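First comes the structure, then the notes that go with it.
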């Protein structure tokens, strides 16, 4: 199973620049690789994130959770 180059680039943007609130990845069966399915805007909430996940299919996801220490 391969991972599309865009997956890593979008993750690094989220991590370094906080460009996205979340990233949802899916397995593309035809291409046999993991691809970016959805990008959440920084203003999106956790509810927006959970609503973007399908109820009956598997997904990989990264969520940038704000917290105070």
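Numbering (the working numbering), first residue to last: -13 to 55.
Positions of the beta carbon are idealized from the N, C-alpha and C atoms, including for glycine.
Please read these numbers as outputs of a predicted model, since none were measured by experiment.
What does DSSP give as the partner residue(s) for residue i in the beta ladder?
i	result
residue 24	10
residue 19	-12, 14
residue 41	Its beta-bridge partners do not exist; DSSP assigns none.
residue 47	10
How would you label residue i, buried or exposed, when you count the other beta carbons within 10 angstroms and need 16 or more for buried?
i	result
residue 51	exposed
residue 4	exposed
residue 8	buried
What residue range is occupied by the uninterrupted alpha helix (DSSP H) comprising residue i?
i	result
residue 2	-9 to 3
Can you grab the Cα-Cα spacing for the pair residue i / residue j, in whole Å?
i	j	result
residue 28	residue -3	14 Å
residue 11	residue 44	9 Å
residue 15	residue -13	10 Å
residue 1	residue 53	15 Å
residue 25	residue -7	11 Å
Do residue i and residue j have their CB atoms nearer than 8 Å?
i	j	result
residue 49	residue 35	yes
residue -11	residue 20	yes
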